[in-house]
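See structure below.
Protein chains: 2
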Amino acid sequence: MSLTNATPLEVAQSARVGSRKLAVLSTEERNAALTAIHKALAEGKDEVLAANKSDLEAADKAAAGGHLSQSLVKRLDLGKKGKYEDMLQGILDVRDLEDPINKITSRTLLDDNLILSRKTCPIGVLLIIFEARPEVIANISALALKSGNAAILKGGKESSHSFAAIASIISHALSTTAVPSDCLQLVQTHDVIADLLKLDTLIDLCIPRGGNKLVRMVKDSTAIPVLGHADGICCTYLCADYPAEKAIKIIVDAKVSYPAGCNALEQLLIESSGLTTVLPAVAQALLESGVSLRCDAASLSALQKTLDPHSAALLQPSSPSDYDFEFLDLVLAIKTVESVDEAISHINTHSSHHTDAILTLDPEHANRFLAAVDSSSVYWNTSTRMADGQRYGFGTEVGISTNKIHSRGPVGLEGLTIYKWILEGDAQVSAEYGAGGKSWKHEKLAVEGEEWVARSEEEKDVLRRFRTGRGAGLTDV
Amino acid sequence: MSLTNATPLEVAQSARVGSRKLAVLSTEERNAALTAIHKALAEGKDEVLAANKSDLEAADKAAAGGHLSQSLVKRLDLGKKGKYEDMLQGILDVRDLEDPINKITSRTLLDDNLILSRKTCPIGVLLIIFEARPEVIANISALALKSGNAAILKGGKESSHSFAAIASIISHALSTTAVPSDCLQLVQTHDVIADLLKLDTLIDLCIPRGGNKLVRMVKDSTAIPVLGHADGICCTYLCADYPAEKAIKIIVDAKVSYPAGCNALEQLLIESSGLTTVLPAVAQALLESGVSLRCDAASLSALQKTLDPHSAALLQPSSPSDYDFEFLDLVLAIKTVESVDEAISHINTHSSHHTDAILTLDPEHANRFLAAVDSSSVYWNTSTRMADGQRYGFGTEVGISTNKIHSRGPVGLEGLTIYKWILEGDAQVSAEYGAGGKSWKHEKLAVEGEEWVARSEEEKDVLRRFRTGRGAGLTDV
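This is the structure in C-alpha cells:
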C-alpha cells in the first residue's frame, strides 16, 4: 500500500498496472499477502493506537465545539474492547474464504475441439470512498486483495492519522510479498475525489460507503459504475392474522436492535382490520423500548382508543414526508393499508428497495408480496435486520447494494468479481457455420471440479437410497 | 406498445408502473404476448413495408445529396430477401428460449425454518437507444418482454416511418394480452433523450446500440447504469510457430467476413521471429482479399523483401494512431512484438477489451495470454468474429458488453435479469444470533428442480458403477 500524494491520474494509472499483475497471482500468493498484512498490523498495534489517539483527541475537541457527534467519536476509537483484534481476525477470515476468482462457471462445446468457458476474474481497479471508521481500511484491503482487485482508498478526514499509520504498515508488509504495492493506494487529500471520478477508463467500479449525500454526489459526478445504497428505508407490512407475540419480537428487533443500521425498520404498515387487534400490543412494546411512533390518522385514532392514557399521550401524528425518510433513530412511521396490494404499492413507491417484510400466516398473501415487492431482499415473517452478508453466509460483506444490476442486497466477495469468456479452438472460423455450412453443437460440458450430477430419476433414486442407508450395500456390488 | 409524445417523466413513470405488472406475469402470459406480436406483424407486413418505403425514399434522397451513406440506406430496407421473415422468426426464437426469470439459483438454510433463496427477476425499466435498422425494434421488444422488463425505445430518425408502423401494430397486438401496453413505449422525438437520461430513479439500465459517439454521449450524461461497448478494437497475436495455412484461414475470416462488425479484427501483432516465415503468406492472402495493410517499420521492411513487387507496392506504413482506431473497413494495422508479454501489454493498453486472440501451438504462451489479457473474450486459435451471442449458444443477444460489471461479452437474456433475496422464517430475529446466542447453520440446500449431486467420493463411485452397468442391480436393493 502506498500512502500517496501523487496526482489522481498517476494514482489510477499505477493502480491499473498493478491490477494486471495482481490478477494473475495464484491463490497462495494473494493469501500470503493477507497473512503478511495481518502479522504486520498485529505487531504494529501500539503504533496504530498511538496514531488513533491523535485522531480521537482532535475529534474530542471537535465534538466539544459541537462540530462532531459523540457517536462518531466513538466509532473512531480503535482501542475499544477487542475492536483491534476483531479487525485483525477479519483479515484472516477473508483470507480463509474460498478463492472467488479463476472458477470455471460454465463450459460449452461449440463444435468439436472448440470449447467456450466462462471463468471468474477480478473486476480490475476499485475506488472505495468511506467515512470515518478506521478499521474499514483493513477490511477493504483484505477483500480487494482476496478478489484480485487493486483498490484506491479514500477515508474520512477524522481518521487521517489512523489511516496513515495503517497504510504505512500495510505498505511495508506488501513489499515482502508478490503483490505490487500500487495495488492498494490511500489517497490523502479530499480534493482528488472529483478528479478520480472522471477516470472511467482506468477505474472500473466505485463503492461509496457512507450516507445518502456521499452516494448521491458520487453517482451524479461519474461515468464509473457505482455499487451501493443511498438510503435504507425498510418497511414491514403486518397483517391482521399474525400473532401479536411474534409480531412484537420481529418488529422490536427490526427497529430497536440497531436503529442506525441501513437495515433497520423505518415504516410499519398495518392492515386496517388489525388496527385494534394486533397493533396495540406491538405499539405498546415499541413505546416501552423508547420508540417514537408517528401515526397516520387511522392508526392514531385506533391506538388512542386502545392504549392506556400514558402511552397514548406519547403518540405523534405523522406527516407525509415521514414516509420518504430514513430516521436512523428510535422513530417509526405507521401507516394503515387496506390490503396486501396497497402495501405492495406503498412499498414500491416509498421504500428504498433495500429490505421489506410481510408478517402473515397466509401463504397466498406472502407469495404475492414476495413476488411483487421490487426490493433487494424481501422477507416473510422475519426481521429486516437479517439483511447482512455475514448472516446470509457470505463470510463478510463489501456493503449492501440497491442497484438493479451486477450485485443486489448484501455483497460478498462474488460481487467484486466478473468473468471472461475463453474460447479455445483449432482454426475454426465464423464463416464456416450457418446457412449451408457446419452446425453448432452447443453441448453443455461439466465444469472442472464440478460435482457428479444424477441425470435421471433412476440415478437420483440410487443416490437417495444410498444416503438413507438402504443402498449402503452398494459399495459391495 | 405506445407510440408516445408524452413527456419524458410521464413515459418513465408509466413504464415503471407497467414493469411492476409485467414482472409478476407468468411465463405463459409473456410468451402469449410474443405470439400475438408475431401474428400481428405477419399480418401487417404490407403496412410496415409501405412505411419502410417512405423511409427508403427519404434516405435515397439524402444519399443522393451526400447526407447518408449507401450502406446505411441498405440497412434500412426491410423488403430485402427474407429480412422481414427473419425478423418474424426472431420473435418466435426468443419466445421459445428458456424463461430467464423466477429461477432459484441458490438456497441456504440459515437456521431451522429460516431459508434464504436467490431468485432471478427482471431488472425493471430499460432505456434502449438504437440506430437506423428498423427490425431491431421487434428484436428488442421480444427480448424485453421475454425477460419481464419494460422498455423505452428510441430509434434513429431515418427509420421513423417504419418504427411508427411496427409500434402501432405491436401496440394493437398487446392490447389483447396480459402485458400492459406501457411496458413498451417508442419515443419519437430526439430531444427527449437528455431528459430521459436524468431519470435514474425510474430507469434501471440504458443500452445504447450504436457507434462510439452515441455510447460516449450516453455514458457522460447519465447516472443510469449503461451496458454496451463503445469500440470494437480487436487484436490477434500471431506467434512464429503457428502454421501459415491455419493462420490465413483465421485472420482472413476475422478481417474480411464482416469488416463493419464490432468483432472484426483491427490489429495483427506478429512475433518478430515470424516476420519472414509465417507473416508473408498471411499478408499475401489479406492483400488478395482487398485488405489494406498498415505496417510498422519492421513488418513493412520484412514484407517488402518477401512479397512480390506488385503486392509490396500495396503496403502502407502505419502511424501511431492506427493502433487506437476502429477501422470498420478492409484495413488492418500490423505491429511487430518480441514476445507474448509485449503482445499482452500492447493489447491491454490499445485494444478495446472486446475480443482478442492468440494463434500459437505453445500451450504455455496461450495460457499466459488467456489469463493476462483483460478483455471480455480471449481466444486461442480461432477468429475474433466468433464473439456473438448466437455462436456462444445464447439463442440471441442484446449486444456485446465491454463493461467490467454485471454482464461481459455477448449479452443474452440472462444479462437482462438480476435477482432478489427471499428470506422465509418463523419469527427468528437478528438479536438471537451471535456472541452468546444461537449459531447460524449456513447449510447449502438443493435448489428446486436442481439435479441431485453426488457429494462424496463414495457417492460418485455409486453413480459411476450404476452408469457402467456394474451397479445396475441397485434398483433392486
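Here the protein sequences line up with chains A and B, keeping their order.
Here the first sequence stands for residues 459 to 935, where the numbers follow my numbering.
Here the second sequence stands for residues 459 to 935, where the numbers follow my numbering.
Note that beta-carbon positions come from the ideal geometry of N, C-alpha and C, so glycine has one too.
Since the structure is predicted, the reported quantities are computational estimates derived from the model, not experimental observations.
Taking the DSSP output, what are the residues bridged to I573 (chain A)?
For the purposes of this step, residue 573 (chain A) is taken as the residue at position 115 of the first sequence. The partner list for I573 (chain A) (beta bridge, DSSP) reads A:L567, A:E882.
Secondary structure at A600 (chain A), three-state DSSP: helix, strand or coil?
On the first sequence, residue 600 (chain A) is found 142 positions in, with the first residue counted as 1. Correct three-state label for A600 (chain A): helix.
Looking at the unbroken beta strand (DSSP E) that takes in G867 (chain B), where does it start and where does it end?
As a position in the second sequence, residue 867 (chain B) is number 409, starting the count at 1. Element bounds for G867 (chain B): 867-869.
What do you get for Q643 (chain A), buried or exposed, if any count of 16 or more other CB atoms within 10 angstroms of its CB means buried?
If you number the first sequence from 1, residue 643 (chain A) lands on position 185. Around the beta-carbon of Q643 (chain A), 16 or more other beta-carbon atoms lie within 10 Å, marking it buried.
Considering A455 (chain B), what are the terminal residues of the beta strand (DSSP E) in which it resides?
The displayed coordinates of chain B run from 459 to 935. Any statement about residue 455 (chain B) would go beyond what the structure contains.
Given a limit of 7 Å on CB to CB distance, which residues of the stretch 577-591 of chain B reach chain A?
I581, G582
Does any residue of chain A bring its CB to less than 9 Å from the CB of R557 (chain B)?
On the second sequence, position 99 is the one that residue 557 (chain B) refers to. With the sequence shown as reference, residue 557 (chain B) is identified as Asp, and Arg is not the correct amino acid for it. Nearest CB-CB separation between D557 (chain B) and chain A: not below the 9 Å threshold.
Taking C-alpha atoms, which residue in B:K713, B:S859, B:F852 lies nearest to L567 (chain A)?
For the purposes of this step, residue 567 (chain A) is taken as residue 109 along the first sequence, with counting starting at 1. Distances from the alpha-carbon of L567 (chain A) to those of B:K713, B:S859, B:F852 put B:F852 closest.
What residues of chain A sit near Y850 (chain B), judged by a beta carbon separation below 8 Å?
In the second sequence, the residue the question calls residue 850 (chain B) occupies position 392. The answer, in chain order, is T566, L568, L574, W879.
Quick check: the Cα distance between E855 (chain B) and T813 (chain B), rounded to an integer number of angstroms?
Counted from its first residue, the second sequence places residue 855 (chain B) at position 397. Counted from its first residue, the second sequence places residue 813 (chain B) at position 355. So the alpha carbons of these two residues sit roughly 16 Å apart.
Within this structure, are the beta carbons of A623 (chain A) and G502 (chain A) separated by less than 9 Å?
Translated into positions along the first sequence, residue 623 (chain A) becomes position 165. Translated into positions along the first sequence, residue 502 (chain A) becomes position 44. Contact flag set, yes.
Compute the Euclidean distance between the alpha carbons of I805 (chain B) and G883 (chain A), then round it to the nearest angstrom.
Within the second sequence, numbered from 1, the residue matching residue 805 (chain B) stands at position 347. Within the first sequence, numbered from 1, the residue matching residue 883 (chain A) stands at position 425. When rounded, the distance between both Cα atoms is 20 Å.
Below 7 Å on C-beta distance, what does K707 (chain B) contact in chain A?
By 1-based counting over the second sequence, the position of residue 707 (chain B) is 249. Under the 7 Å cutoff, chain A gives A885, V887.
Using 10 angstroms around the beta-carbon of T933 (chain A), count the other beta-carbons present and answer buried if the total reaches 16, otherwise exposed.
For the purposes of this step, residue 933 (chain A) is taken as residue 475 along the first sequence, with counting starting at 1. Residue placement at T933 (chain A) is flagged as unreliable, the pLDDT there being 43, under the threshold of 50; a coordinate-derived value is accordingly withheld.
Considering only C-alpha positions, which residue in the set B:V710, B:L733, B:E729 is nearest to A722 (chain B)?
As a working mapping, residue 722 (chain B) is identified with position 264 in the second sequence. Nearest option by C-alpha distance: B:V710.
So, is the C-beta of G668 (chain B) closer than 9 Å to a C-beta in chain A?
Position 210 of the second sequence, counting from 1, holds the residue named residue 668 (chain B). Output row for G668 (chain B): interface = no.
L507 (chain B) bridges to which residues according to DSSP?
One-based indexing of the second sequence puts residue 507 (chain B) at position 49. Note: L507 (chain B) is not bridge-paired with any residue in the DSSP secondary-structure output.
May I ask you to list, following chain order, the residues of the stretch 482-503 of chain A that have a beta carbon less than 8 Å from some beta carbon of chain B?
Against chain B - using a Cβ distance shorter than 8 Å - the residues of the stretch 482-503 of chain A are V482.
Quick check: is the beta carbon of D544 (chain A) nearer than 9 Å to any beta carbon in chain B?
In the first sequence, the residue the question calls residue 544 (chain A) occupies position 86. So no, D544 (chain A) is outside the interface.
Would you call P666 (chain B) buried or exposed, if buried means 16 or more other Cβ atoms sit within 10 Å of its Cβ?
The residue you call residue 666 (chain B) lines up with position 208 of the second sequence. Per the 10 Å Cβ criterion, buried.
Taking the alpha helix (DSSP H) that V469 (chain B) belongs to, which residues open and close that run?
Locating residue 469 (chain B) in the second sequence gives position 11, where the first residue counts as 1. Per DSSP, V469 (chain B) belongs to the alpha helix (DSSP H) from 466-481.
For the beta strand (DSSP E) holding S859 (chain A), just list the boundary residues, first then last.
Translated into the one-based positions of the first sequence, residue 859 (chain A) becomes position 401. 857-859 is the span of the beta strand (DSSP E), which, as asked, contains S859 (chain A).
Under 7 Å Cβ-Cβ, which residues of chain B neighbour M844 (chain A)?
The residue you call residue 844 (chain A) lines up with position 386 of the first sequence. Correct list: L881, S888.
Check whether the Cβ atoms of L654 (chain A) and L585 (chain A) lie closer than 9 Å to each other.
Taking the first residue of the first sequence as position 1, residue 654 (chain A) is located at position 196. Taking the first residue of the first sequence as position 1, residue 585 (chain A) is located at position 127. Going by C-beta atoms, L654 (chain A) is nearer than 9 Å to L585 (chain A).
Who are the near neighbours of G476 (chain A) in its chain, counting only those whose CB is closer than 6 Å to its CB and skipping five residues on each side?
Locating residue 476 (chain A) in the first sequence gives position 18, where the first residue counts as 1. The residues are A608, P638, D640, C641.
CB-CB under 6 Å to S841 (chain A), same chain, minus the five flanking residues each way: which ones, in chain order?
For the purposes of this step, residue 841 (chain A) is taken as residue 383 along the first sequence, with counting starting at 1. Same-chain partners within the cutoff: I708, D711, A712.
Chain A beta carbons: is any one of them nearer than 9 Å to that of S747 (chain B)?
Position 289 of the second sequence, counted from the first residue, corresponds to residue 747 (chain B). Between S747 (chain B) and chain A, the shortest Cβ-Cβ separation is not below 9 Å.
Give a yes or no on whether 9 Å exceeds the smallest Cβ distance from R925 (chain B) to chain A.
Taking the second sequence and counting its residues from 1, one reaches residue 925 (chain B) at position 467. Chain A contact via Cβ: present.
Going residue by residue through the stretch 597-640 of chain A, where are the continuous beta strand (DSSP E) segments of at least 3 residues, counting only ones entirely within it?
608-612
What residues in the stretch 628-660 of chain A bring their beta carbon closer than 8 Å to a beta carbon of chain B?
D658
Looking at the strands, I want to know which residues DSSP matches up with F783 (chain B).
Within the second sequence, numbered from 1, the residue matching residue 783 (chain B) stands at position 325. F783 (chain B) pairs with nothing; no bridge assigned.
With a threshold of 9 Å between beta-carbons, can P868 (chain B) be considered close to chain A, or not?
Taking the second sequence and counting its residues from 1, the one referred to as residue 868 (chain B) is at position 410. So, interface residue.
Contact defined as beta carbons within less than 8 Å: I believe V836 (chain A) pairs with K677 (chain B). What is the distance between those atoms, to the nearest angstrom?
In the first sequence, residue 836 (chain A) corresponds to position 378, counting from 1. In the second sequence, residue 677 (chain B) corresponds to position 219, counting from 1. No, V836 (chain A) and K677 (chain B) are not in contact; Cβ-Cβ is about 32 Å, not under 8 Å.
Where do the ends of the beta strand (DSSP E) carrying Y837 (chain B) lie?
Mapped onto the second sequence, residue 837 (chain B) falls at position 379. Residues 835-838.
Need the endpoints of the alpha helix (DSSP H) that Q528 (chain B) sits in, please.
Position 70 of the second sequence, counted from the start, is the residue given in the question as residue 528 (chain B). Run containing Q528 (chain B): 528-534, per the alpha helix (DSSP H) assignment.
Give me, in chain order, the residues of the same chain whose beta-carbon lies closer than 7 Å to that of L733 (chain B); leave out the 5 immediate sequence neighbours on both sides.
In the second sequence, counting from the first residue as 1, residue 733 (chain B) sits at position 275. Same-chain partners within the cutoff: A756, S757, A760, T794.
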